[in-house]
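Engineer: Got a structure for you, questions after.
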DNA sequence: ATAAATTTTTAGGTAAGACTAAAAAAATAT
DNA sequence: ATATTTTTTTAGTCTTACCTAAAAATTTAT
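So, in structure tokens, the structure goes:
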């Protein structure tokens, strides 16, 4: 069945909100991410339920059916492949690609995505370290852990981010915290849980707990 | 001012229909290309006129204003650059790219098109030989002439096509009539104006006047 | 020049996807 | 346990872009 742009965006949002919980996703949470009003969300959830892409019961939140999940994953796959293209082939920085990929993810062509995937050398992570779902709708787990959970004195490598807001990514870039950066944790301050770290053996810097939570590393 | 997808398509269609004539473009002609009804076209023309993109007077047809033309050319520029990408980088054939480019042409990002243009090596023709408008909205003339206008015994090179319907392009491909093919006109049959030609020095073949009209060559 | 045919426009409606305001249900606090 | 607050839903509109049917203008044919 055909999916409209609005429907695809809702499914993607519901998917994202479902990742952390096995509860139904609340109307308000969806409204916030969709940048719309709760009343509009209710409307749309009813429509998505009719089409069989979500399970929705009044006041009980919403969850994706297998077919809804499949659609969401195909949008995410397209989004992430296009991000790889934008960074690897067109030379964008990792903080610049999100908006453009939001548009490109809705282009409809099976063959296009297959050929793009091949052109990019079948990448399995996007420029933010997020796994790219496979063609048959399987997505690898996020195997990396937040920097905030690494112990003092340990070494690790920056493999991804848990948040791709441009302001956050720009901060990381400014601190030389790029994909693949070698990080040594010198000290964790118990007061505010901020970290003193060394990036690529340069002079030590401080990062807040909030930042560390959103940096994903391989120990 | 922002342009919706529908508006962009109308402007593009009006541009195309204006290319051959300096008359206003008729409502019906637009309706046919837009695959919609004349009444819907009238609605839209009034809206486009309010926005200052077309000059429209009841029963008098429509023509683009400079700002409307600028929008149309930017859509055409995007369409053709994406076609180059699809053929040159992703390995599509020239008869497969039109539909996908119809979607990609509406992606909105100045920087994306600049970077794409650069990535492709600043091409000035698309895979069908059509000129790509420049960033500031200038489009080179179609400098090639139809094969149907070349004299007997002359040699020429296939530089483009005047029609990009898939069935036509597939026929050309089957006849080995690809971009750059060397064509020698052996004979023009006065009865039906069909041509006997030789392609890349292979065995002679016949093509109809209709086909010859839509093949663009450099003498 | 008038009649017939065609094209174009107007009028009135529909569906998608958003909105506001008000009502209803659920969650939280006293 | 009841009152208050918050969340969610319903009801009623709006805009965009399309539709059909009928009216009006234009073009073509006689």
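Protein chains in written order, with this note's numbering: chain A, 41 to 259; chain B, 41 to 259.
Just so it is clear, CB atoms sit at the ideal spot from N, CA and C, and this is done for glycine as well.
Computed from a predicted model, the values in this text were never measured in an experiment.
(1) Sorted by chain position, which residues of the same chain lie with C-beta nearer than 6 Å to residue 57 of chain A's C-beta, five sequence neighbours on each side aside?
(2) Suppose the cutoff is 6 Å on Cβ atoms and the five residues either side in sequence are ignored; what does the same chain contact list for residue 73 of chain B look like?
(3) DSSP three-state call for residue 258 of chain B: helix, strand or coil?
(4) Helix, strand or coil for residue 224 of chain B per DSSP?
(5) Taking 7 Å as the CB-CB limit, is residue 73 of chain B close to chain A?
(6) I'd like to know whether the C-beta of residue 210 of chain A is nearer than 7 Å to at least one C-beta of chain B.
(7) Looking at chain B, which residues of the region 138-161 of chain A have a Cβ within less than 9 Å of any of its Cβ atoms?
(8) Could you check what DSSP says for residue 75 of chain B in three-state terms: helix, strand or coil?
(9) Does DSSP classify residue 95 of chain A as helix, strand or coil?
(10) For residue 198 of chain A, which of helix, strand or coil comes out of DSSP?
(11) Would you say residue 45 of chain A reaches chain B, if we count a Cβ-Cβ gap shorter than 7 Å as a contact?
(12) Three or more C-beta pairs closer than 8 Å, one from the region 156-166 of chain B and one from the region 210-217 of chain B: is that the case here?
(13) Just to check my reading of the structure: residue 145 of chain B and residue 119 of chain B have Cβ atoms closer than 8 Å, yes? What is that Cβ distance to the nearest angstrom?
(14) Cβ closer than 7 Å: which chain A residues qualify as neighbours of residue 130 of chain B?
(15) Report the option in B/189, B/121, B/91, B/222 whose CA atom is closest to the CA atom of residue 254 of chain B.
(16) Might you give, ordered along the chain, the residues of its own chain that have their beta carbon closer than 7 Å to the beta carbon of residue 82 of chain A, omitting 5 neighbours on each side?
(17) Any idea what DSSP makes of residue 190 of chain A, helix, strand or coil?
(18) Residue 237 of chain B lies in the beta strand (DSSP E); which residues open and close that run?
(19) Would you grab the beta carbon distance between residue 197 of chain B and residue 257 of chain B for me? Rounded to a whole angstrom, and I think it's under 8 Å.
(20) Would you tell me roughly how many angstroms separate the C-alpha atoms of residue 208 of chain B and residue 134 of chain B, rounded to the nearest one?
(21) Select from B/142, B/136, B/127 the residue whose C-alpha is nearest the C-alpha of residue 165 of chain B.
(22) Determine the DSSP secondary structure at residue 185 of chain A, reduced to helix, strand or coil.
(23) Would you mind stating whether residue 71 of chain A and residue 78 of chain A have Cβ atoms separated by less than 7 Å?
(24) Which residues bound the beta strand (DSSP E) around residue 104 of chain B?
(25) According to DSSP, what are the bridge partners of residue 165 of chain B?
(26) With a CB to CB cut of under 7 Å and the five nearest residues on each side skipped, what residues in its chain are close to residue 226 of chain B?
(27) Should residue 220 of chain B go down as buried or exposed, given a rule of 16 or more other Cβ atoms within 10 Å for buried?
(28) With burial defined as no fewer than 16 other Cβ atoms inside 10 Å of the residue's Cβ, what is the status of residue 183 of chain B: buried or exposed?
(29) With H, G and I counted as helix, E and B as strand and the rest as coil, what does DSSP make of residue 137 of chain A?
(30) So, residue 117 of chain B versus residue 171 of chain B, is the Cβ gap smaller than 7 Å?
(31) Pull up the DSSP beta-bridge partners for residue 246 of chain A, would you.
(32) Considering only the alpha carbon of each residue, which of A/51, A/113, A/212 lies closest to residue 87 of chain A?
(33) Do residue 187 of chain B and residue 252 of chain B have their beta-carbon atoms positioned less than 7 Å apart in this structure?
(34) Opposite residue 65 of chain B in the DSSP bridges: which residues?
Structural biologist: According to the structure shown:
(1) Counting only Cβ-Cβ distances below 6 Å, and skipping sequence neighbours, we find 65, 69.
(2) For residue 73 of chain B, where only same-chain residues beyond five positions count, the Cβ hits under 6 Å are 53.
(3) In the structure shown, residue 258 of chain B falls within a strand segment according to DSSP collapsed to helix, strand and coil.
(4) It is a strand residue.
(5) At a cut-off of 7 Å between beta carbons, residue 73 of chain B makes no contact with chain A.
(6) So no, residue 210 of chain A is outside the interface.
(7) Within the region 138-161 of chain A, the qualifying residues are 139, 140, 143, 144, 146, 147, 148, 149, 151, 152, 155, 156, 158, 159.
(8) Here residue 75 of chain B sits in coil by DSSP.
(9) Taken through DSSP and simplified to helix, strand or coil, residue 95 of chain A comes out as strand.
(10) In this structure, DSSP gives residue 198 of chain A an extended state, which the three-state scheme calls strand.
(11) No, because no Cβ of chain B sits closer than 7 Å to the Cβ of residue 45 of chain A.
(12) Contact between the region 156-166 of chain B and the region 210-217 of chain B is absent, with fewer than three C-beta pairs closer than 8 Å.
(13) Yes, residue 145 of chain B and residue 119 of chain B are in contact; Cβ-Cβ is about 4 Å, under 8 Å.
(14) The contacting residues are 155, 156, 159.
(15) Put simply, of B/189, B/121, B/91, B/222 the residue whose alpha carbon is nearest the alpha carbon of residue 254 of chain B is B/189.
(16) Counting only Cβ-Cβ distances below 7 Å, and skipping sequence neighbours, we find 67.
(17) Residue 190 of chain A falls in the coil class under three-state DSSP.
(18) Element bounds for residue 237 of chain B: 235-239.
(19) In this structure, residue 197 of chain B and residue 257 of chain B form a Cβ contact; the two beta carbons are roughly 6 Å apart against a cut-off of 8 Å.
(20) For residue 208 of chain B and residue 134 of chain B, the distance between alpha carbons rounds to 11 Å.
(21) Ranking B/142, B/136, B/127 by Cα distance to residue 165 of chain B puts B/127 first.
(22) Three-state DSSP puts residue 185 of chain A in a strand.
(23) In this structure, residue 71 of chain A lies near residue 78 of chain A, with their beta-carbon atoms less than 7 Å apart.
(24) Looking at the DSSP string, the run of the beta strand (DSSP E) that includes residue 104 of chain B is 102-104.
(25) Secondary-structure assignment with DSSP links residue 165 of chain B through a beta bridge to B/171.
(26) These residues qualify, in order along the chain: 236, 237, 238, 244.
(27) Exposed, since its Cβ has fewer than 16 Cβ neighbours within 10 Å.
(28) Exposed, since its Cβ has fewer than 16 Cβ neighbours within 10 Å.
(29) In this structure, residue 137 of chain A counts as coil in the three-state DSSP scheme.
(30) No, the Cβ-Cβ distance between residue 117 of chain B and residue 171 of chain B is not below 7 Å.
(31) Paired residue(s): A/236.
(32) Out of A/51, A/113, A/212, A/51 has the C-alpha closest to the C-alpha of residue 87 of chain A.
(33) Cβ atoms of residue 252 of chain B and residue 187 of chain B: closer than 7 Å.
(34) DSSP links residue 65 of chain B through a beta bridge to B/102.
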